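Written out below as structure tokens is the structure these notes cover.
Residue numbers (our numbering): 201 to 936.
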């Protein structure tokens, strides 16, 4: 361990230290940029840990003499060497090695990799670390289950279907738990019929399990996978029912939403997954019968910051749209319906009279998109340690608009809770050549219920960034008109990352849009650059001179025949459009389609439609559309390997040729296309391979391209062939 620089400096003779201190005033050791950063940090009233560390470093550098500074530089390099030595020691072990070392350790034990894109989703560290253990337990159900989790990164359960066969039992090997006829008095086995935890006996199924149709036979092993992930929502303010203030939706948007289980960690290697070990929607009777397993772990109610005791909680069916919900609490208990995410409080708790009620739960979704309590710091437009003015809500200001006003036109407004803010907001980046970012702190997802359109303005060459927010009830506008003082809007760019702009403005309890024709983004200002990344948005209206770039996102106009992207009048052409791995629901009319790649465009014309095609590009001599699904009648630039193919192109195996010579292809199939549901925009496995594996890297087209789901499945099939015993066959079944 190297001594700190201050201790090394103290070991020098006093004459050298005194002479060095005398030279401090005559030598400027800080650059101009560092001096400006130090001035800004000194002006911060309550610096965070990173800002304080940076401040201490700059102050120490300013106050050091030349000799102390030289020792500091030498010390920094010695620390780099020490860290490199520590990492080289760590690289000898699979648990602590760097990512680039994993293939080399795998090569030592004979591990062979599969699809190269898989590490982009989940590291092969666990699989390499378990390889020897897998070989020793080859073919066992527990081993195959662990293998499926390591390879795919999804929740998994392995089932030996021969144990689910109903047959005559040998007297020397009785299985009293295997009844040929189900016991109708036992609700739990009946609840899990047809799924991974089905324990009832079945007759023999002679169909092949590899096709996904056969299951119950002697050599068959079923691998059940859960593709939806549980995303935590901690200390969220539930949405009250206006008609009855004691009734709530846990979702801050006020919609029915199934609650998901937060899987527990399985410790023994011989342990097979149970319902509590997988990210499955929580059943009503299941939670009622096993309340300690779910309450506190997956869902919790807090009153004035204190968790409600499980003895005060009841689980009931509240799914009723009548004026009075079902199962009102009559014994002073809190009632939860996990299937709809509804909550009823007793009369002893009065949120309107000072009691603060918050809920913690888990919601299901396919990917880290649209905001949430996952890591987003790398996507911030202004780095956390960049210095500059920062206003925190609610620590520094109780309201978002108050923080924006106090910011001074540039810097960061950071919301550090999961609260709901009902405000009329406006953003003015009044400092030229600067960036203003309104964001949720890493690990939070606040909800903004706009009372009016959010106007975004800026000075020359300014950028406004939004990150990690859920916005509903009104659109975001970039107006072209001057403000009240006559100052023109000169904003250059609007960047939206990891945000949800609720399609249709807002949604009701049944996840239906309250205003299906409403736009979420209206860009009136010419020459503005709009960027969407890892976000969910409603329809977009833009001036023809603007440019819109979207990646790994969903643009949803709620129905195929509505307008997803067009000009300000929703009929003429919008600006230049670029899409990369985007799912668009609705019609498109763009001036130029610069590059549409790996996307899914779901659009159709209504019977009385005035549009000539559901997807239009005004200037078709520019740009290209590649590896994308779009309507066959679309009028777009040059296509390359798009689906469905045009006449004369190679017709894929999933297409048939119609009488007119046009191929009729099976389009993409989705679990749901309704915002607010867990399977929103999730492509089903039965989708044709030309779409599901039709992207440029053989991944799926659309917003969830970055999940590489086909590659995960292919990797698992390769590994199953390697680890199955002779005579066994395996099939993959998706539970979510």
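Ideal placement from N, C-alpha and C gives every residue a C-beta, glycine not left out. Since this is a predicted model, take the numbers as computed values, not measurements.
If you draw a straight line from the alpha carbon of residue i to that of residue j, how long is it in whole angstroms?
| i | j | result |
| --- | --- | --- |
| residue 254 | residue 867 | 54 Å |
| residue 640 | residue 624 | 18 Å |
| residue 594 | residue 677 | 25 Å |
| residue 336 | residue 303 | 21 Å |
| residue 379 | residue 516 | 31 Å |
| residue 450 | residue 551 | 14 Å |
| residue 238 | residue 260 | 11 Å |
| residue 597 | residue 313 | 52 Å |
| residue 710 | residue 664 | 34 Å |
| residue 559 | residue 499 | 7 Å |
| residue 476 | residue 463 | 6 Å |
| residue 585 | residue 694 | 22 Å |
| residue 339 | residue 921 | 10 Å |
| residue 540 | residue 368 | 43 Å |
| residue 482 | residue 759 | 29 Å |
| residue 812 | residue 519 | 44 Å |
| residue 537 | residue 487 | 9 Å |
| residue 210 | residue 688 | 60 Å |
| residue 547 | residue 474 | 37 Å |
| residue 201 | residue 752 | Confidence in residue 201 is poor, its pLDDT being 47 and thus under 50, which makes the residue's placement unreliable; the coordinate value appears in the next sentence. Spanning the two alpha carbons is a distance of roughly 45 Å. |
| residue 658 | residue 740 | 20 Å |
| residue 405 | residue 374 | 23 Å |
| residue 792 | residue 723 | 16 Å |
| residue 877 | residue 631 | 41 Å |
| residue 799 | residue 899 | 11 Å |
| residue 894 | residue 827 | 6 Å |
Label residue i either buried or exposed according to how many other C-beta atoms from any shown protein chain fall within 10 Å of its C-beta, with 16 as the threshold for buried.
| i | result |
| --- | --- |
| residue 627 | buried |
| residue 456 | buried |
| residue 353 | buried |
| residue 698 | buried |
| residue 252 | exposed |
| residue 411 | exposed |
| residue 327 | buried |
| residue 806 | exposed |
| residue 562 | buried |
| residue 853 | Caution is warranted here: a pLDDT of 45 is assigned to residue 853, below 50, making its placement in the model unreliable, and the coordinate value is therefore given only provisionally. Classification for residue 853: exposed. |
| residue 681 | exposed |
| residue 308 | exposed |
| residue 746 | buried |
| residue 591 | buried |
| residue 571 | buried |
| residue 289 | exposed |
| residue 797 | buried |
| residue 814 | buried |
| residue 880 | buried |
| residue 501 | buried |
Which residues mark the beginning and the end of the alpha helix (DSSP H) in which residue i is found?
| i | result |
| --- | --- |
| residue 427 | No alpha helix (DSSP H) holds residue 427; DSSP gives it neither H nor E. |
| residue 236 | 232 to 242 |
| residue 449 | Unbroken run through residue 449 is the beta strand (DSSP E), 444 to 449; no alpha helix (DSSP H). |
| residue 352 | 341 to 352 |
| residue 603 | 600 to 607 |
| residue 917 | 909 to 923 |
| residue 898 | Per DSSP, residue 898 belongs to no alpha helix (DSSP H) and is neither H nor E. |
| residue 815 | Here residue 815 belongs to no alpha helix (DSSP H); instead the beta strand (DSSP E) covers 815 to 817. |
| residue 252 | 249 to 263 |
Please list the terminal residues of the continuous beta strand (DSSP E) segment that includes residue i.
| i | result |
| --- | --- |
| residue 793 | 787 to 797 |
| residue 561 | 557 to 565 |
| residue 355 | 355 to 360 |
| residue 676 | 676 to 678 |
| residue 441 | 439 to 441 |
| residue 840 | 838 to 840 |
| residue 611 | 611 to 615 |
| residue 192 | An answer regarding residue 192 cannot be provided, because it is not within the stretch 201 to 936 covered by the chain. |
With DSSP as the reference, identify every bridge partner of residue i, one or two as the case may be.
| i | result |
| --- | --- |
| residue 623 | 650 |
| residue 536 | 515 and 543 |
| residue 628 | 657 |
| residue 402 | 365 |
| residue 297 | Paired residues: none, contrary to the question. |
| residue 953 | For the chain, the structure presents residues 201 to 936; residue 953 sits outside this window and is missing. |
| residue 931 | 422 |
| residue 938 | Past the edges of the chain, shown from 201 to 936, lies residue 938, and the structure says nothing about it. |
Requested in this report: Pick out the complete beta strand (DSSP E) segments inside the region 696 to 777, 3 residues or longer, and give them in chain order.
Outcome: 719 to 723, 729 to 733, 739 to 742, 747 to 756 and 763 to 766
### Continuous alpha helix (DSSP H) assignments of at least 4 residues falling wholly in the region 373 to 402
387 to 391
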